[in-house]
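A.B. asks:
In my numbering, the protein residues as written are 42 to 394.
(1) Name the DSSP bridge partner or partners of residue 132?
(2) At 3 residues or longer, what runs of the beta strand (DSSP E) sit wholly inside the stretch 289-323?
(3) Look at the Cβ atom of residue 217, then the Cβ atom of residue 168, and state whether they are nearer than 8 Å.
(4) Would you call the stretch 151-161 and the stretch 71-86 touching, i.e. three or more CB-CB distances under 8 Å?
(5) Do you know how far the Cα of residue 227 is from the Cα of residue 270?
(6) Reducing DSSP to helix, strand and coil, say where residue 217 ends up.
(7) DSSP on residue 102, reduced to helix/strand/coil?
(8) Could you compute how far the alpha carbon of residue 276 sits from the alpha carbon of residue 67?
(9) Distance check for residue 387 and residue 198, CA to CA, integer angstroms please.
(10) Looking only at its own chain, which residues have a Cβ that is under 8 Å from the Cβ of residue 64, when we skip the five neighbours before and after it?
(11) Along the chain, where does the beta strand (DSSP E) containing residue 177 start, and where does it finish?
(12) Less than 8 Å between the CB atoms is what I'm expecting for residue 239 and residue 233, so what's the real figure, rounded?
(13) Taking residue 339 and residue 314 to be in contact with their CB atoms under 8 Å, please state how far apart those CB atoms are, rounded to whole angstroms.
(14) Just mark residue 288 as buried or exposed, buried being the case when its beta carbon has 16 or more other beta carbons within 10 Å.
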């Protein structure tokens, strides 16, 4: 029981100075400036778990076989469709034809096979290989298809194929992706100014008709939340592409020309306890601490009501989520009883960092 409090916050804000916000129909052209929070160690999401890589690259530069919609539904991307065998051990994906990488080369079945052979190899350097352990093999087939053969049925396979690290790029150019990413997405990597910004430009040969609308997107690196918020107010950026502190979000109503959106996210406030060290190696102590924390008070106080208490290690939008929010509700008397039973009738003092 390492984690007993999770608060989900999903607050984005953008400037209505964009032309898209002033007309009911989208228009073509223009550049959007977006703030991100940190400078990632390269741009390849298959070798780093940095969230900023996914924010910039996922579905913009890089794509996978499938993708998430805004509501969490999994829909086709580089795969047009898929079929699953009755025993759940064979998944066959029909791959789009005529898709090109940004360097002009064709997306091939060999690129896809090579990618997932690497993804499931624990010695390949690919991140999160544990999510691909159900894949026994992947083979190119007829009619532009690839087939995944599993070693056991996996209800999470499709979800894992939509992950940011499941993206496809040219197998022959794996080593250069961190510095010169080449994908199939609606935007192409154009320029990176270290410590400042990364620029993406429109892919004129994107396989989906009519998109993208924008000519370019600039992601500006702004670690400080106050700096990001000030830049939004001044018009230097159009969008803060990450969660806002609640106190900033609540200011938006009084600011003309700014709009915030809220929703479920995986931003979490957690408390971890090292079960290998006393007193946390005692289950009763861990339970007592859990009962002693007024989680609703934290949400309503520190988070200004902009959050949700959940009791599991996953957010409700993830397939592994189990609602345990009522298992350890605030009960200080129960906490005292458990501490006494654990041998701490007078409690103890600890420091969380």
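Don't be surprised by glycine CBs; every beta carbon is placed ideally from N, CA and C. All of these numbers come straight from a predicted model, not from anything done at the bench.
C.D. replies: Here's the rundown:
(1) 125 and 189
(2) 299-308
(3) no
(4) no
(5) 28 Å
(6) helix
(7) coil
(8) 21 Å
(9) 49 Å
(10) Reliability fails at residue 64, whose pLDDT of 40 lies under 50, so the model's placement of it is uncertain and the value that follows must be treated cautiously. Taken in chain order, the list of residues that qualify is empty.
(11) 176-181
(12) 5 Å
(13) With 8 Å as the limit, residue 339 and residue 314 do not qualify as a contact, their Cβ atoms being about 17 Å apart.
(14) exposed
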